[in-house]
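Worksheet: one structure, shown below.
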Amino acid sequence: MEKFDVIIIGTGPAGLGAAFHLINENKNLKILMLDKEKVSTGGLRNDCKMNFTFPIGFPFENWSKEQAESYLEKVTNKLKPEIFDKKNLSTYFKRAEKLGVELINIKQSHLGTDGGLKLIKKLIAELEELGVEIKLGTEMTDIDAKSKTISTNNGTFAYQKLLIAPGRKGFSFLQTIMDKIGIHYIDHIVDIGIRIETRLENYPIVSDYYDPKFLFPDKVRTFCTNSGAAYVVREKYTTSAGKPYFSVNGHAFSGTKPPNGLVNFAMLKTVKFTHPLASGQEFAENLGLQAMLMGGGKPIMQRVGDFRLGKRSKLESFNDDLYNFKPTQTNCTPGDISLSMPAKILRGIWKSMKSLDTIIPGVLHPGTIMYYPEIKLYANKPEYLDNNFKAAENIYFAGDGAGTSRGITAAWASGIRAAEGILK
Ligand SMILES: Cc1cc2nc3c(=O)[nH]c(=O)nc-3n(C[C@H](O)[C@H](O)[C@H](O)COP(=O)(O)OP(=O)(O)OC[C@H]3O[C@@H](n4cnc5c(N)ncnc54)[C@H](O)[C@@H]3O)c2cc1C
């Protein structure tokens, strides 16, 4: 059986951040990186907009401002982002403030889905050049912490130190591993929301600020805005009981594709549970399945005009003169979001959308589409043994799946932090 000083599970930003830090600090380390996919599946691959300002992406439980900023400097030094200029924002700031809404001014770069793929390939090649062994299409399936070995579909490997960074899609996998090793965790927070798609002219702020971050009262925020050649996509998830459901998401190309005149972004509400409902994951899965039930196995889409009138959308809703653009995600069922979404979440989101429409008049045009559900599971909160995300003897976690980040740059930073622990 092959033995490694460090095995890293996941080639997302958390895994990459850790691998670069480890190999740069000690060229002699024998490192193996595994990914079950042929190419990393997270946000580096999808749209790849990167945020370089605290608190975007950094959960408060794990990061202070000073700490995040010092790691962001390291991430910046490695990724050398081209930060966008922001213009003409003073009116939006003033309007937001009057409504008790915060518009956060952050440093941002954007590579697009095609640019992100290029970056991943470049980073993987760089790591291989530095001597890191990378096995793609290799899924970790089990662990024996006593003998310090992991099982995969491509054989068994031994480690001195193990870093598991499986991202949001690896949320359940991580829970299985934690249950097996006896790592205590809670999973009581989840983000639920909708994705808005509208014409560029209804949300012109994006010409001045690529991914504007609005924080509304009631724990609602805008998230992951895409424009240019922008598309809404479906992501397939499987519940712990093996049932499939979809969450929508969005991305854009870097400029290699012609702009389609559309913008999409998420409106997410953070929901936090207390006893007796502990699992955010189970709650989210139930909502995902409920949406599948209402949408006949697909996500639901509804025009704002219909929603306002309390009517479901139908196929014909998408031909009317007010409905003046075609959805970029047609693999959805026209329907009624309010039949599927819990009232408290819907109220919070709708109220925030009305505020947004006051700040940027036009976003609630009758033709605007709301897609549901958009679900973000990144709230596994393991009980860490130290400040470097050590979860058990010789085992570290990092990235979104382990609750240490909620975005590319923070995931990269968490990978560095775990790598520092591994080196100690
Ligand atoms: C469609 C989409 C668009 C996004 N857009 C952005 C954006 O523009 N900006 C931003 O900051 N964030 C974005 N995000 C969020 C971003 O993807 C995450 O914050 C970030 O990728 C988390 O990094 P990570 O390394 O923790 O996980 P990931 O990037 O998800 O990487 C985890 C990797 O682990 C692999 N893996 C999982 N389980 C196993 C296993 N058992 N064995 C082997 N390999 C495994 C997965 O295949 C995956 O490649 C987006 C997310 C999605 C899904």
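All residue numbers for the sequence shown refer to our numbering, where the first residue is 142 and numbers rise by one. Here a beta-carbon is modelled for each residue, glycine too, at the ideal position from N, C-alpha and C. Since this is a predicted model, take the numbers as computed values, not measurements.
Integer-rounded CB distance, given that residue j should sit under 8 Å from residue i
i	j	result
Ala533	Ala159	Rounded, the Cβ-Cβ distance is 17 Å, inconsistent with contact.
Leu304	Ile563	7 Å
Ile330	Gly421	5 Å
Ser313	Ser381	6 Å
Phe448	Met408	At roughly 13 Å, the Cβ-Cβ gap does not stay under 8 Å, so Phe448 and Met408 are not in contact.
Gly402	Leu315	Gly402 to Leu315, Cβ: 40 Å. No contact.
Ile164	Leu271	5 Å
Asn367	Asp188	6 Å
Thr182	Gly308	7 Å
Asp349	Lys239	With 8 Å as the limit, Asp349 and Lys239 do not qualify as a contact, their Cβ atoms being about 19 Å apart.
Met281	Ile291	5 Å
Residues of its chain near residue i, where Cβ-Cβ distance is below 6 Å and the 5 sequence neighbours each way are ignored
i	result
Gly489	Asp359, Val361, Lys410
Asp328	Ser420, Gly421, Gln422, Ala520, Asn521
Phe225	Gln249, Tyr351
Leu356	Glu243, Arg362
Ala209	Phe195, Phe199
Lys566	Residue 566 falls outside the range modelled here, since the chain spans only 142 to 565, and no answer is possible.
Asn529	Arg558, Ala559, Glu561, Gly562
Ile245	Lys354
Met433	Tyr386
Pro222	Met191, Ser250
Own chain partners of residue i with C-beta closer than 8 Å, once the 5 adjacent residues on each side are dropped
i	result
Tyr464	Arg444, Gly446, Ser458, Pro507, Gly508
Leu428	Ile333, Ser481, Met482, Pro483, Pro514, Ile516
Leu424	The sequence as given places Phe at residue 424; Leu does not occur at that position. Cβ within range, chain order: Val331, Val412, Phe414, Leu418.
Val374	Asn187, Val389, Asn390, Gly391, His392, Gln470
Other residues of its chain near residue i: CB distance less than 7 Å, five sequence neighbours each side excluded
i	result
Tyr212	Ala554, Ile557, Arg558
Leu185	Gly153, Pro154, Gly257, Leu260, Ile261, Ile549
Lys384	Leu430
Arg236	Thr499, Ile500
Phe234	Leu244
Burial state of residue i (16 or more Cβ within 10 Å)
i	result
Pro440	buried
Lys321	exposed
Lys310	buried
Asp283	exposed
Practice problem: Decide if the segment 254 to 266 is in contact with the segment 385 to 397; the criterion is three or more beta carbon pairs, one per stretch, under 8 Å apart. | Solution: yes
Practice problem: Could you say if the segment 293 to 310 and the segment 189 to 208 meet the contact criterion of at least three C-beta pairs nearer than 8 Å? | Solution: no
Quiz item: Would you call the segment 164 to 177 and the segment 270 to 278 touching, i.e. three or more CB-CB distances under 8 Å?
Solution: yes
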